[in-house]
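Sequences listed follow chains E and Z, in order. Here the numbering used here is used: position 109 in the first sequence is 111, and no number is missing along the way. Here the numbering used here is used: position 36 in the second sequence is 38, and no number is missing along the way.
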Amino acid sequence: KAGVTQTPRYLIKTRGQQVTLSCSPISGHRSVSWYQQTPGQGLQFLFEYFSETQRNKGNFPGRFSGRQFSNSRSEMNVSTLELGDSALYLCASLAGTGETQYFGPGTRLLVL
Amino acid sequence: KQEVTQIPAALSVPEGENLVLNCSFTDSAIYNLQWFRQDPGKGLTSLLLIQSSQREQTSGRLNASLDKSSGRSTLYIAASQPGDSATYLCAVTPDGGYQKVTFGIGTKLQVIP
């Protein structure tokens, strides 16, 4: 079974631009969660999608948004990028509530 | 608001030593607790998942325990190897099971050959 894939793996953007990151979960997994990881804050929960519906949202500004498609693939979008958005963005998929989370390799975003 | 703390932040041990990593959480209303390892610049790899009704889980040289009432979990690594060098994170899923998971900052482990 293929693992969780994330594209692109690396991105360099400038302040004010927007970016879209993609995550393909493990086949059969309907839940996708997104996290931001920075050295100072660690891993912080962004949002979780299940069957195309956002089920939970973390404490991030509205510039961070996401969606999930009918094939469970998910995208997250960050608009009006700020320097502080530089981070490793990780997505995780799981088969069902309370089950093991499987993480992708992440997308490293650098905002200049 | 759930807070997860991991102590120590970093640990360096000689190869072959047994070691314990600690994780504490403030809200005992949890659904499960999961331990992960993360290699530099990489994603997270799941090590062990303990449901709230369980006391421990074992996989190979790894053993994780959970004491919900005291808000603590430990990850025991037996006979450490240089390949165990990584950052270890614990993550708590709240009651209800929805994935608003809270992670600790992690313990960076270095096993010296």
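We put the beta carbon where it would ideally sit given N, CA and C, even for glycine.
In terms of residues, what are the limits of the beta strand (DSSP E) holding residue i?
i, result
"Z:Thr109", "Thr109 to Ile114"
"Z:Ile32", "Ile32 to Gln40"
"E:Ile14", "Tyr12 to Lys15"
"E:Lys59", "Thr55 to Lys59"
"Z:Asp69", "Leu64 to Asp69"
"Z:Ser61", "Glu58 to Ser61"
"E:Thr9", "Thr7 to Thr9"
List the residues of chain Z whose Cβ lies closer than 7 angstroms to the Cβ of residue i, in chain order.
i, result
"E:Tyr12", "Going along chain Z, no residue has its Cβ under 7 angstroms from E:Tyr12, so there is no contact; the nearest lies around 10 angstroms."
"E:Gln103", "Gln36 and Ser48"
Comparing C-alpha positions only, which one of the options sits nearest to residue i?
i, options, result
"E:Trp36", "E:Thr82, E:Glu84, E:Leu90 and E:Gln20", "E:Leu90"
"Z:Thr28", "Z:Arg74, Z:Ile114, Z:Leu46 and Z:Ala81", "Z:Arg74"
"Z:Gly18", "Z:Gln83, Z:Gly98 and Z:Ala88", "Z:Gln83"
"Z:Ala88", "Z:Leu51, Z:Val6, Z:Glu5 and Z:Ile107", "Z:Ile107"
"E:Gln56", "E:Thr109, E:Ser72, E:Leu45 and E:Thr16", "E:Ser72"
"Z:Tyr90", "Z:Gly98, Z:Asp97, Z:Ile79 and Z:Pro96", "Z:Ile79"
Find the residues of chain Z that neighbour residue i, judging by a C-beta separation of less than 9 angstroms, and give them in chain order.
i, result
"E:Thr7", "By Cβ distance, chain Z contributes nothing, its closest Cβ being about 10 angstroms from E:Thr7, past 9 angstroms."
What do you get for residue i, buried or exposed, if any count of 16 or more other CB atoms within 10 angstroms of its CB means buried?
i, result
"Z:Asn34", "buried"
"E:Asp87", "buried"
By the criterion of Cβ-Cβ separation under 9 angstroms, what are the contact partners of residue i in chain E?
i, result
"Z:Val122", "Within the shown structure, residues of chain Z are numbered from 3 to 115, placing residue 122 of chain Z beyond reach of any answer."
Closer than 8 angstroms by beta-carbon distance: list the chain E residues that pair up with residue i, in chain order.
i, result
"Z:Lys44", "Pro107 and Gly108"
Since residue i meets chain Z, which of its residues come closer than 8 angstroms, beta carbon to beta carbon?
i, result
"E:Gly60", "Lys102"
"E:Gly100", "Tyr33, Asn34, Gln53, Thr95 and Gly99"
Please go through the segment 77-113 of chain E and give each complete alpha helix (DSSP H) segment of 4 or more residues, from N-terminal end onward. Whole alpha helix (DSSP H) segments, 4+ residues: zero.
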